[in-house]
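Working notes, beginning with the structure itself.
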Amino acid sequence: GFICTFNDLVSRNRAGKALISLPDNAHVMPPLIIENESDMLLAITAAGRMLMFPVSDLPELSKGKGNKIISIPSAEAAKGVDGLAHLYLVPPQSTLTSHVGKRKIKLRPEELQKVVGERGRRGSLMRGLQRIDRVEIDSPARSKADDSEE
439 GFICTFNDLV
449 SRNRAGKALI
459 SLPDNAHVMP
469 PLIIENESDM
479 LLAITAAGRM
489 LMFPVSDLPE
499 LSKGKGNKII
509 SIPSAEAAKG
519 VDGLAHLYLV
529 PPQSTLTSHV
539 GKRKIKLRPE
549 ELQKVVGERG
559 RRGSLMRGLQ
569 RIDRVEIDSP
579 ARSKADDSEE
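If you want it as structure tokens, here you go:
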């Protein structure tokens, strides 16, 4: 992953612009808009491993492959057993609600500290959180801002 500006995405050439170079068996994740440098990036693999680190750990590039976000063993990635499934921006002191099948599991900020680590590490396997379908983020800072707009 890497951070880039919107102008890096725009091309004057009609044929387009090569912004991202991908290895075999890789796919592009949708871009995330970084509103606050203090946000954390949460990476979740298909096997349920979670790693959260500061957004500032990602390099700012105009194009390229970027840096490894979370470590996935080559053998597991080649077999299709594991891979990056979800990426989320998590504001400080946020609560996460993970949807695993029909169950909902809430993770408070203290519990999320267990998955904080350095970019490129393997990540932690949280108990009961394999095969995460989706995540909802409840941020106290952002919800206060939304209330003041009404």
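Heads up, the sequence shown is in this note's numbering, so the first residue is 439 and it goes up one at a time.
Where a beta carbon is used, it is the ideal one built from N, C-alpha and C, also for glycine.
Predicted, not measured: the structure shown is a model, and the values here were computed from it.
First and last residue of the alpha helix (DSSP H) that includes residue i?
i      : result
Asp446 : 444-447
Leu489 : Where Leu489 is concerned, there is no enclosing alpha helix (DSSP H), although the beta strand (DSSP E) it sits in stretches over 487-492.
Glu514 : 512-517
What residue from the options has the CA that sits closest to residue i's CA?
i      : options                        : result
Asp495 : Thr443, Gly486, His537, Asn505 : Asn505
Thr483 : Lys540, Gly502, Ser577, Ile508 : Ile508
Gly439 : Val448, Asn445, Leu460         : Leu460
Ala523 : Gln568, Ser500, Asn445         : Gln568
So who's on the other strand from residue i, going by DSSP bridges?
i      : result
Glu574 : Thr535
Lys542 : His537
Ser476 : None; Ser476 has no bridge partner.
Quick one: give me the first and last residue of the beta strand (DSSP E) that residue i is part of.
i      : result
Leu550 : Note, Leu550: premise wrong, no beta strand (DSSP E); alpha helix (DSSP H) at 547-550.
Ala438 : Within the shown structure, residues of the chain are numbered from 439 to 588, placing residue 438 beyond reach of any answer.
Leu527 : 522-528
With H, G and I counted as helix, E and B as strand and the rest as coil, what does DSSP make of residue i?
i      : result
Ala464 : coil
I need the straight-line Cα distance from residue i to residue j, nearest angstrom please.
i      : j      : result
Arg541 : Ser562 : 20 Å
Phe491 : Thr533 : 16 Å
Pro529 : Ser577 : 6 Å
Arg487 : Leu480 : 10 Å
Ala516 : Asp462 : 9 Å
Gln531 : Lys503 : 31 Å
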